[in-house]
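Enquirer: Residue numbers (the working numbering), protein chains in the order written: chain S, 1 to 244; chain V, 1 to 244.
Protein chains: 2
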Amino acid sequence: MQSRSPSGYSTWRLIAEELRRQIVDGASAPGTKLPSENDLAERFGVHRNTVRQAIAALTAEQLVVSRRGSGTFVADHTVLVHRIGTRTRLSDSLGKSGKASARLLDWALEPEPPAHIAERLQLSGRSALRLESIRSVNGVPISRVTQWYVAEFVPRLPEHFKAEGTITGALRALGIEDYVRVSTTVGGRHATAEEAAELLLPAGSVVLVVRALDALPGGTPLQLGITRFAASRVELDVEHSTSV
Amino acid sequence: MQSRSPSGYSTWRLIAEELRRQIVDGASAPGTKLPSENDLAERFGVHRNTVRQAIAALTAEQLVVSRRGSGTFVADHTVLVHRIGTRTRLSDSLGKSGKASARLLDWALEPEPPAHIAERLQLSGRSALRLESIRSVNGVPISRVTQWYVAEFVPRLPEHFKAEGTITGALRALGIEDYVRVSTTVGGRHATAEEAAELLLPAGSVVLVVRALDALPGGTPLQLGITRFAASRVELDVEHSTSV
DNA sequence: CCGAAGTTGTCTAGATCTCTAGATAACTTC
DNA sequence: GAAGTTATCTAGAGATCTAGACAACTTCGG
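Shown next, in the form of structure tokens:
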């Protein structure tokens, strides 16, 4: 491990991320023992206290657990899989892994939405409806979602969302049973301070940013969603058509 | 901006990432003027020198350019789009954006590949061929790739790769013209120190980790690729089937 | 069972890096 | 010319990292 470089990352943070990568990429089973603090200090070329800081961070995230005298072990952790496909709904793909829930944080009618939203939804001067929500599985927040709808297609959607508990349910209550995924892009970046707080992540954690456009049968745009998944908790699985 | 929290990220690093996010998410055109250093210092609640550190980092990445007396402006930057689909080849999706090239870093015949590789490729005791390469567009590195092949299917692949310059060309030279994408998963994490160095990224940058399995017609596994895209340079576009 | 070795937990002190503070200099814009 | 903006600098406070030590516990071999 190189000594301090002007990266803006403390040495212990870099070590914590490296250990995290080794645990997750190596698919270390819960119970796997990490090297001792002295070993890690020697490998990374730092003082043991610095390694302890890194381990403390992973402990705070419940990725590892330390036992005095024994060592540090990988804790029980799972990475959820979210399917990205033409008709996949969040409740279908992630719900199977446990109890999924969505909480509406905020909503607003937007008579003058941002230009790129208006363009993607082909609003032509019509209003958009913006919903802000957070989704959890087994009580653990996994994504922070901003959704833009063509407002006139979804009257009272927020009320229905609160009543049904899911967007799919809310849309169904409005008579919208069928819509298809038109496009999906995936990017990655550091979470904002707000996102990190809402997703219960350490500052600077990585989020996968999924931008998805859904349309009604016939191709009329219905919704543009911007979902920030906690990259440490969710992996995306792209659905490939099986027809050749 | 909160004052120092024990996140392991320096204040200037967090500010730099937030400015980056605003520039990229807001799709700021080159030439867009950022708020002045004094304004940013006030907004983030820090001293101006701290803001200067953040801007210096973005300047080093050539995302912004500062002119004394005038201000700081968004520099020319593009985010490349990589298509993820059944038959999309890197040279097809990214090559259109400019001159794409791939450089073989290393390769090895692996008689005892890791268990999860052996399983995905259904090796049953056969050897795997591992290739390590880096891909660039217009001289800018965009991804770091590890590819595992069923060795007996691709004799002398490294030589062909060097001769042809692309994997697609190398496979074609071996008579392999048709293969399909079976599965693709996308994750995100911080780049390792090595990855950051190879991709010319600041330490701790975000990479999108794409794991893809390709098969020959008939379903026999051919290749498992693990591609780390620089998230600040590449966005993934998922191909959706248009049939309903 | 006991002692040695190993491991994590805790603490103090000093060196080094980061951030704040404030100032002056050099340039641009109006 | 005045106001605004970036560039550079010095100094001090606060945070991080190194260094080393001792404490409390576990594991293993005799």
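By construction, the Cβ of each residue, glycine as well, lies at the ideal position given by its N, Cα and C atoms.
Hey, does isoleucine 23(S) have any beta-carbon neighbour from chain V nearer than 8 Å?
Expert: Residue contact with chain V for isoleucine 23(S): absent (no Cβ-Cβ distance below 8 Å to any residue of chain V).
Enquirer: Taking only beta-carbon positions, decide if glycine 188(S) is within less than 8 Å of chain V.
Expert: yes
Enquirer: When you compare only the Cα positions, how much space is there between isoleucine 55(V) and glutamate 42(S)?
Expert: 35 Å
Enquirer: Within the continuous beta strand (DSSP E) that includes leucine 224(V), where are the two ends?
Expert: 221-230
Enquirer: If we ignore side chains and look at the alpha-carbon of each, how far apart do arginine 156(S) and glutamate 37(S) end up?
Expert: If you take the alpha carbons of arginine 156(S) and glutamate 37(S), they lie about 56 Å apart.
Enquirer: Under a Cβ-count criterion, where at least 16 other Cβ atoms within 10 Å of its own Cβ denotes burial, should arginine 4(S) be classed as buried or exposed?
Expert: Low confidence applies to arginine 4(S): its pLDDT is 40, below 50, so where it sits in the model is not reliable, and the reading given next is rough at best. Its Cβ having fewer than 16 others within 10 Å, arginine 4(S) is exposed.
Enquirer: Between the alpha carbons of aspartate 76(V) and alanine 29(S), how many angstroms are there, rounded?
Expert: 45 Å
Enquirer: Quick one: give me the first and last residue of the alpha helix (DSSP H) that glutamine 147(V) is part of.
Expert: Where glutamine 147(V) is concerned, there is no enclosing alpha helix (DSSP H), although the beta strand (DSSP E) it sits in stretches over 140-150.
Enquirer: Verify whether the separation of the beta carbon atoms of leucine 199(V) and proline 141(V) is less than 8 Å.
Expert: yes
Enquirer: List the residues of chain V that tyrosine 9(S) touches, going by C-beta distances under 8 Å, in chain order.
Expert: Gly8, Tyr9, Ser10, Arg13, Ala203 and Gly204
Enquirer: Strictly below 8 Å CB to CB, what residues from chain V border valine 182(S)?
Expert: His240
Enquirer: Going along the chain, which residues of its own chain have a beta-carbon closer than 6 Å to the beta-carbon of proline 113(V), five neighbours each way excluded?
Expert: Ala128
Enquirer: How should arginine 103(V) be labelled, buried or exposed, when 16 other C-beta atoms within 10 angstroms of its C-beta is the threshold for buried?
Expert: exposed
Enquirer: On the premise that serine 133(V) lies in contact with valine 150(V), defined as a C-beta separation below 8 Å, what is that separation, rounded to the nearest angstrom?
Expert: The Cβ separation is near 18 Å, so there is no contact.
Enquirer: For my contact list, valine 210(V) and threonine 184(V) are in at a C-beta cut-off of 8 Å; report their separation, rounded to the angstrom.
Expert: Correct: roughly 6 Å between the Cβ atoms.
Enquirer: Distance check for threonine 192(V) and methionine 1(S), CA to CA, integer angstroms please.
Expert: Reliability of the predicted coordinates at methionine 1(S) is poor, the pLDDT of 35 falling under 50, and no value is obtained from them.
Enquirer: Could you list which residues in chain S have their beta carbon closer than 9 Å to that of threonine 192(V), in chain order?
Expert: Those within 9 Å of threonine 192(V) in chain S are Glu17, Glu18 and Arg21.
Enquirer: Which runs of the alpha helix (DSSP H) spanning at least 4 residues fall entirely within the region 128-216 of chain S, listed in chain order?
Expert: 157-164, 167-173 and 193-198
Enquirer: Does aspartate 214(S) have its Cβ less than 8 Å from a Cβ in chain V?
Expert: Taking Cβ atoms only, chain V never reaches closer than 8 Å to aspartate 214(S), which makes this a no.
Enquirer: Leaving aside the five residues before and after leucine 34(S) along the sequence, list all residues of the same chain whose C-beta is less than 6 Å from its C-beta, in chain order.
Expert: Answer for leucine 34(S): Thr72, listed in chain order.
Enquirer: Can you tell me the Cα-Cα spacing of valine 79(S) and glutamine 22(S), whole angstroms?
Expert: Spanning the two alpha carbons is a distance of roughly 14 Å.
Enquirer: Report whether the distance from the Cβ of glutamate 195(S) to the nearest heavy atom of the ligand ATP is below 7 Å.
Expert: The model on display carries no ligand, and the ligand ATP is accordingly not part of it.
Enquirer: In chain V, which residues lie with their C-beta within 7 Å of the C-beta of alanine 231(S)?
Expert: Gly187, Gly188 and Arg189
Enquirer: Between valine 244(S) and the rest of its own chain, which residues show a CB-CB distance below 8 Å, the 5 nearest in sequence each way excluded?
Expert: With a pLDDT of 40 at valine 244(S), under the threshold of 50, the modelled position of this residue cannot be trusted; read the value that follows with caution. Nothing listed; no residue qualifies.
Enquirer: Ignore the nearest five residues each way along the sequence and tell me which others in asparagine 245(S)'s own chain have a CB closer than 7 Å to its CB.
Expert: Because chain S here runs from 1 to 244, residue 245(S) falls outside it and cannot be looked at.
Enquirer: Going straight from the alpha carbon of valine 182(V) to that of leucine 208(V), what length do you get?
Expert: 19 Å
Enquirer: Where do the N-terminal and C-terminal ends of the alpha helix (DSSP H) with threonine 59(V) fall, by residue?
Expert: 48-60
Enquirer: Here's the rule: buried if 16 or more other CB atoms are within 10 angstroms of the residue's CB, otherwise exposed. What is glutamate 152(S)?
Expert: exposed
Enquirer: Which residues of the region 121-150 of chain V have a Cβ closer than 7 Å to any Cβ of chain S? Give them in chain order.
Expert: none
Enquirer: Kindly list the residues whose CB is nearer than 7 Å to the CB of glycine 187(V), restricted to its own chain and excluding five residues on each side of it in sequence; keep chain order.
Expert: Excluding residues within five positions, the ones whose Cβ falls inside 7 Å are Val209.
Enquirer: Does the beta-carbon of proline 217(V) have 16 or more other beta-carbons within 10 angstroms, so that it is buried, or is it exposed?
Expert: exposed
Enquirer: Quick check: what's the CA-CA separation for glycine 125(V) versus valine 24(S)?
Expert: 26 Å
Enquirer: With H, G and I counted as helix, E and B as strand and the rest as coil, what does DSSP make of leucine 105(S)?
Expert: The DSSP-derived three-state label of leucine 105(S) is strand.
Enquirer: Please classify arginine 233(V) as buried or exposed, where buried requires at least 16 neighbouring CB atoms within 10 angstroms.
Expert: buried
Enquirer: Have a look at threonine 32(V) and alanine 108(S) and give me their C-alpha separation to the nearest angstrom.
Expert: 29 Å
Enquirer: List the residues of chain S that histidine 116(V) touches, going by C-beta distances under 8 Å, in chain order.
Expert: Ala27
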